Every structure is written in C-alpha cells, then in structure tokens.
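When the letters of the sequence shown are read in order and numbered with the working numbering, they come out as residues 12 to 660.
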Amino acid sequence: ALLFVFLGIAFIIWNFHHITEKSTFSFRWPSISFPFSSALRDPDLTDDPDDISLDLDEDKTAKSETKKSAFIDELDRINKSALEFDLPKAQSKPVVTGTSDATLEVVEMPPKVPVVETMEEKESFKTPLEREKPELIVEQENEVHLEPYDPTMALPKYERPRLSLLLNYEEDNVQIDRAELEQNKDQIINTLRHYKIEIERIRATIGPTVTLYEIVPAPGVRISKIKNLEDDIALSLAALGIRIIAPIPGKGTIGIEVPNKNKQTVGLKELLHADKFKHGKMDLPIALGKTISNEVFIADLAKMPHLLIAGATGQGKSVGINTILMSLLYKKHPSQVKLVLIDPKKVELFPYGQLANHFLAFLPDQDEPIITETKKVVNTLNSLCIEMDQRYDLLKKAHARNIQEYNKKFIARRLNPNNGHRFLPFIVLVIDEFADLIMTAGKEVELPIARLAQLARAVGIHLIIATQRPSVNIITGVIKANFPARLAFRVTSKVDSRTILDAGGADQLIGRGDMLLTVGGDMIRLQCAFVDTPEVENVINGISKQQGFSVPFFLPEYSAEDEGGKNGAFSLSDLDEMFEDAAMLVINSQQGSTSMIQRRLKLGYNRAGRIMDQLEAVGVVGPNEGSKAREVLMTTEMEFHQQLELLRQ
C-alpha cells in the first residue's frame, strides 16, 4: 500500500513539472523580473530558472557570463522585432549593463515625452486631478479679486454740497495795525517794570480774536508773581478778557492773551476749503475754527469720542452746533453717517428736518424727524442703547474690536449679509439744551446717556451735548467722567468754568464765538467758525432736492415698561413686592393717596408713585386728579383678589 502511494505522488510531481516546462516562466534577477514565453527560450539554456540568478561563486562565473550574454542578445532581438512591427516597447523595463560579478548597475530608461503642439493634446496628457486644478485656481482668484463693497452706491448720484453755497467773510476782515502791537508791547513791559519784573524778550502772535504775547522773564523771576498781575495788565491795556498762561505748555515762555480791538470773522467756507479738511483721513472731521496763531483747527469726533458744550446764552453754542453739523454734511455721504437730533426748544434744529431720508435717524412711530418731546427723547435714548447692544453682537461675531475693523471686513466682503451682518454707519446724537431734559426727566435721561457715553464709542455712536447751565446738578460727575472733550464758550462765573473745564478761564472769554477746548488735559483757545442761518438753509435745501433713501434710517423699536397700564400692556411680573400690601391699605382706608403709602409702608416717593400707577392699572384706584386724592374703585379685599385672578388668566 505504501509503495502504491509513493508511486502516485511521484506521478503527480512528474506531470506538474512537465506542465510547468510548457508554461510561462520568469527570469529572476535580484528585485528585477522579466516575463517571457517558454516558446522564446533557447534550448541551450538550462531548464532550471535558478541557474540564471546572480551567482558569485568563482566556479560558476564563466557559465553565468555566458548565460547573461545570451540573454542580452535575445533581449536586443526582441526589441528590434518590436521596432519593425511598430509595437510599443517595454519602456518601463530596466536595461542591465555591465558584466562584472561584483556590481550590477540598473539604469531606468526615461519615457519618451510626446511633443505637444495644441492645448487639446496638452489636456489629454493630464490626469483627472490635474484637469480639475486650473478650475480650482480660477475660483480662488475670483474670491480674492471681488470688488470691495461700496456703501455710497446706495445713493450713487448723490453729490456733496458746493462751497459756493457758503459766504466768504475774508473780505470784511480788518488787518491788525502794527502800531497797535507796538503800543500793547510797551504797555506790558512798562507794567511789569513798575513791579520790578524784568523780561529778556517778547514775541507777538496775531490771531483772529486775540493776540498772544510770549515773554521770557529774566532769571530769578517767579511765575506766580507775573500771574498775580493779571488785573493790573488788563487795566493798563484797557482791555477785557486778559488771560495769562503761565507757563505755556511745551515752551519756556509765559503767554499773555490780549483781545484785538478789531476782531476778524472766521467763515466756515475758509475752513472747509483747507487741505487739512479736504484731504485729512478722519472718520468724523469737524471744522471748529482757528487757533490764536491763525491756524485752521480740525478735530476728529470719532477720537474725542464725545463732546460737551456749555456757555451762557448768546455766546455761540447754537452756531457751534451748526458748524459741527455742516462739517459732517460736507464731508460724509448719507450712507456713512446718521444724525439723531434732539431739540427741546423746537426752533434751533428744525431746518434739518428736510434731511429725514438722507442723514437723519429716528424711531419708526415718530411723526417728526426732530425729537422735541421729553417722552420721545427717553424712548430714543433707550432705543440707541438697544442699537448699541446689537452692534456689539455683530462685532463679536465678526471678531472685530471696533467699528473701523468691522466695516473694513465688510467692505472687503469677508462678512456674509445672510448671517445678519451689515454696513454700520456712524451715529451722532446731538442734544441741545440738555439742562431742560434733566429738569423734566431726570434719571430717565441721565442713565441711558451715561451708558451710551461709557460704551457706545467702539460701535460708532458719538454724543454732542450742549447746555447753557453748566451747574453740578446738570453736568454730573458721571457725565463729566465720560466726556473728556469739552468746549466752553463764555460763562458768567469761575464756578461754571471749573464745572465744565475743571479750570478757570471760560469766564474771561470775550464772547461771540471765543471758546476754550480741552481734550485730554490740553486747553486750546479757538475762534469758532461762523455760519449764518441762511447759509445752513441753502445747504439743506440743496441736499434735500437730491434723491434720498426710500425709507429713513429707523432705530430699533422701544416700548416703555412703566406705561403698561395706560397702553393696555400691563404685566403682573412687573408688580412691586409691596403692591398687595399697598392695595389692602388703600381699600381698607378708602383713601388713594401716594403720601399715605409712602408714610405707612415706609417707602420712597418714587417707589410709592410707581405702586400707585400699578394700582390704577389693576383698577383699584382711579386716574390722577391733581392735588386731590385718587378715587378708590374697590370696596372689599375679595373684589381685589378676583380682579387679580382675572388678570392672571
């Protein structure tokens, strides 16, 4: 049995070897393989493929050389036959060179690159990934080269006002007489010598309103001694408004400001025509006037960032506000800045109402674009607080720190409008006669203004507040702390000057546009630019005749929380904690008196008044009847609780 098994295995092996001889075999070289058909094999070559492999034994060297030479000849013959029949060569196959038994050099034949003459042929030799690559590059270039967003295209045909609408006051100005300068110089020197104060030199700088005399005192002279002679110098010069600056910041001199006998009028047209205004890179440029050295003074409201204006009646506050507003109208496009104008006097800012569809912003339910009623003023200020919060949310999503960075990204089309992003114009809030608002509304006005002054500058909301009563109960510490830029016209007392400027000097101004500006501790004396009412009306008429926006710029809607009972929007969640105790007290005593609630429940007057308004909203008491006590409409506690249940349902 074992013999038969052995014979069967041998027969199978013999058949397998016989079949292999007639099949395809591989010539094996280290890491190289060449497939050939068994029909092409030379019968002189050995049948064992292993004999063709590289053998480094000295006894087999000659035999190996013979085999390799025969193999190379056969390979050349195959290549020649392939060329004769135009068959593709095996170009990816390596060519073996050298016959040394120690080294073997393998040279890769470079593939033939076809000559490309047309774009179609060039594209045909590209891989699918390479064909898609140019399309991707084109898409990236389209994204990079998108045209920047231009906010002025909302009104592409808008033209800024012409300077010819303003009057030229330079022809009416009178030049300073040289004799007047020499006379004032001699008077100053003689007055100082009378008090045994010697000076080394004196220099005069002529301004539109005052002339600055800079003196250098002799060594050993105390500055305080010269400063105490302010009234004596004014007496010797027979002039009003002498101001001594001791010393002048940044200079080693003492300044004496003497008013000119013939004052010059600084026209707004001259300031707007200056290169500093036309070509300056400021976000909100305002042309305020000229300095005492006759230089044009242009300030950036965006960097102030808020401005407080104070001065007595008739000293130039309204003209100063018109100058600021006209500067913005001449420089900015309606899509770049919006104005919120509050005028309790109702007569100062009303000409700007024609710009409702161009430059103004107000509440949707407001009848007139210029805000005059105290109730609407409170709603507008709170609406601006809502606008401020919404803008901060947009800046947070855009990873921007201020409105300049945000608008720069939006103009570069890096922010998607579908995500709520929009171009943010600057908003300038102007309040005339702020003292009247404080007297009528009090904290309702002061709190939102303080919040806007603290936070709104980063989102492009800036405040300009004017008042003729710069007392401490009007300009409180909270407001002063957030208004670093203050503009003072002439005031009646040093106390008022210290209230607005934290220093004296405003009481020594000569009026008619003479003003002091303090920004960051530096005080500058300016002559305010003059613009007359007909000039303002001409500019406004020229703008209003142009095409404006179809819809004005509306501020976010705001509804007062304390008016719920009157407007039918009463909410039980707003009731005071002492509401039910006060209701029981009023029902049991049948006396609807705010002072009784204040006295019996030991509450403040404001809180007692709010509780009385809530009792009126629920129906416990009737409306206010002046000095009389309110009528009590409920007689039992059960009736009161039933009314509360109905409201809860």
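Note that the Cβ used here is the ideal one computed from N, Cα and C, for glycine as well.
Model, not experiment: these values are computed from the prediction.
Contacts around residue i, its chain only, beta-carbon distance under 8 Å, and the 5 residues preceding and following it disregarded
i: V389; result: A452, E455, V456, P459 and A571
i: P228; result: I208, E209, I210, E211, I234, I237 and I265
i: R412; result: L406 and A469
i: R509; result: G515
i: S555; result: Q365, L366 and H369
i: L583; result: L655, L658 and R659
i: I414; result: R402, L406, L435, F437, A469, V470 and G471
i: V348; result: L295, L339, F370, P436, F437, I438 and V439
i: K262; result: E225
i: P172; result: L340, Y341, V550, G553 and I554
i: P159; result: I422, A423 and R424
i: K639; result: none
i: L612; result: M589, D592, A593, L596 and A619
Helix, strand or coil at residue i [DSSP, three-state]
i: K639; result: strand
i: D354; result: coil
i: E444; result: coil
i: L18; result: helix
i: P375; result: coil
i: R189; result: helix
i: A229; result: coil
i: V389; result: helix
i: V483; result: coil
i: F361; result: helix
i: F421; result: helix
i: V597; result: helix
i: I381; result: coil
i: I208; result: coil
i: I303; result: coil
i: S584; result: helix
i: H432; result: coil
i: T334; result: helix
i: R461; result: According to the sequence displayed, residue 461 carries Ala and not Arg. Helix.
Residue i to residue j span [Cα, whole Å]
i: I379; j: L406; result: For the sequence presented, residue 379 should be read as Glu rather than Ile. In a straight line, the C-alpha of E379 is about 31 Å away from that of L406.
i: I397; j: P567; result: 7 Å
i: L295; j: L474; result: 12 Å
i: E193; j: R254; result: 19 Å
i: E306; j: D543; result: 22 Å
i: L178; j: K280; result: 7 Å
i: L520; j: I486; result: 21 Å
i: E650; j: V631; result: 9 Å
i: P495; j: R641; result: 47 Å
i: G325; j: Q275; result: 18 Å
i: V269; j: A190; result: 15 Å
i: D112; j: I20; result: Summary for D112: the model assigns pLDDT 41, below 50, so the residue's position carries little reliability, and this model does not support an answer.
i: D404; j: A423; result: 20 Å
i: S329; j: E359; result: 7 Å
i: P355; j: M607; result: 35 Å
i: L614; j: K387; result: 29 Å
i: D286; j: T222; result: 25 Å
i: T503; j: L176; result: 36 Å
i: I187; j: K272; result: 9 Å
i: L166; j: P563; result: 13 Å
i: L6; j: M337; result: Any property of residue 6 remains undetermined from this structure, which presents the chain solely from 12 to 660.
i: L318; j: G231; result: 41 Å
i: L586; j: Q625; result: 7 Å
Residues that residue i bridges to, as DSSP identifies them
i: V269; result: T222
i: H473; result: V439
i: F565; result: F373
i: F590; result: None; F590 has no bridge partner.
i: K349; result: I438
i: T324; result: In the DSSP output, where bridge partners are listed per residue, T324 has none listed.
i: I309; result: A298
i: A215; result: Y224
i: G603; result: R641
i: T478; result: A321
i: G278; result: F541
i: V632; result: V643
Same chain, Cβ closer than 6 Å to residue i, neighbours up to 5 away in sequence not counted
i: Q609; result: Y616 and A619
i: F565; result: P375
i: I256; result: G266
Beta-carbon proximity list for residue i, same chain, < 7 Å, skipping 5 on both sides
i: V530; result: M315, P495 and A496
i: N429; result: none
Residue i beta carbon near the ligand SAM (any heavy atom closer than 6 Å)
i: M450; result: Only the bare structure without any ligand can be found here, which leaves the ligand SAM out of the picture.
Unbroken alpha helix (DSSP H) runs of length 4 or more, entirely within the segment 493-556: which are they?
505-512 and 544-555
Sequence ranges, alpha helix (DSSP H) only - wholly within the segment 237-261, length at least 4:
241-248
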